[in-house]
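K.L.:
Protein chains in written order, with the numbering used here: chain H, 13 to 24; chain F, 20 to 265.
Yeah, the Cβ is synthetic: ideal placement off N, Cα and C, and Gly gets one too.
Here it is: the structure, laid out below.
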């Protein structure tokens with residue numbers, strides 16, 4: 013039913 | 020040296036908006052103003068505050084990192100009256116931040132500084148295909164509708180340029196549709212259709228301190244974090260919230 017991503021996974 | 024005077028109402032709103040997501044924060048102060056970036060304890064959301072020097076009636080500052088417990092600040096600001104001036108003052112000797120509220124009486128509070136070292140957390144510079152400018156009250160109402168059917172919500176941009184707040188439960192469904200003709204919409208800058216899904220509790224926390232007439236800038240893409248920005252006086256507050264991925 014979907015996985016909650018973490019915001020730091022979008023940091024480059 | 021750090022001493023800054025601002026109207027208590029604006030600072031209260033900044034603290035209210037921030038403390039919904041974060042327990043403690045490090046204010047990075049320098050001659051240009053106050054900045055703070057922090058992630059919530061689960062690292063799902065990020066809040067970034069920028070209060071430029073010209074927001075303040077008086078502002079003198081060297082470079083300092085001022086770590087504070089937001090719950091304590093929130094309680095103090097909860098006691099502030101909207102017609103009061105607030106002076107923030109760093110006491111380096113005692114390692115405290117003084118908060119002085121002034122109107123009829125002078126009320127002084129001081130809070131201990133935390134060793135919340137500046138995390139050097141940078142807000143990632145994400146490019147978004149779509150931007151929605153909407154009155155906060157309208158967006159909050161749509162979230163309330165969505166909450167009736169599920170604990171998460173999809174923010175969609177349709178191919179024909181509509182902004183859709185959509186939620187689907189096991190048996191029920193909720194949908195709020197805005198387009199360029201809606202009074203609550205100030206602007207829709209759309210380059211492609213998109214859809215991302217978010218935890219509703221976080222979106223409610225992000226919008227909790229808003230007034231209904233505040234203008235939210237909502238930046239959207241597909242399976243991307245949502246960026247929500249609004250102004251509090253001259254100060255700017257920005258939130259990033261990570262999506263749920265199917």
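Determine the extent of the beta strand (DSSP E) in which residue 131 of chain F is found, giving its start and end residues.
P.N.:
Note, residue 131 of chain F: beta strand (DSSP E), 125–131.
K.L.:
Starting from residue 43 of chain F, trace the beta strand (DSSP E) both ways and give me its first and last residue.
P.N.:
From DSSP, the beta strand (DSSP E) with residue 43 of chain F extends over 43–49.
K.L.:
Please report the Cβ distance between residue 19 of chain H and residue 261 of chain F, rounded to the nearest whole angstrom; I am assuming they are in contact, meaning their Cβ atoms lie under 8 Å.
P.N.:
The pair is a contact, with the Cβ atoms about 4 Å apart (cut-off 8 Å).
K.L.:
Does the region 178–196 of chain F come into contact with the region 56–75 of chain F, if we say contact requires no fewer than three beta-carbon pairs (one atom in each stretch) closer than 8 Å?
P.N.:
With the cut-off at 8 Å, the region 178–196 of chain F and the region 56–75 of chain F do not touch.
K.L.:
Helix, strand or coil: which one does DSSP assign to residue 248 of chain F?
P.N.:
The answer is strand: DSSP assigns residue 248 of chain F an E or B state.
K.L.:
What does DSSP give as the partner residues of residue 174 of chain F in its beta bridges?
P.N.:
Looking at the DSSP assignment, residue 174 of chain F forms a beta bridge with F:184 and F:215.
K.L.:
Report, in whole angstroms, the separation of the C-beta atoms of residue 235 of chain F and residue 155 of chain F, which I expect to be a contact under 8 Å.
P.N.:
Confirmed, Cβ separation roughly 5 Å.
K.L.:
What would DSSP say about residue 20 of chain H, mapped onto helix, strand or coil?
P.N.:
Correct three-state label for residue 20 of chain H: helix.
K.L.:
Taking residue 127 of chain F as the reference, give the member of F:118, F:133 and F:134 with the closest Cα.
P.N.:
The candidate whose alpha carbon is nearest that of residue 127 of chain F is F:118.
K.L.:
Is it true that the CB of residue 27 of chain F sits closer than 8 Å to the CB of residue 120 of chain F?
P.N.:
Yes, the Cβ-Cβ distance between residue 120 of chain F and residue 27 of chain F is below 8 Å.
K.L.:
Per DSSP, which residues does residue 78 of chain F bridge with? Please list them.
P.N.:
Residue 78 of chain F pairs with F:23.
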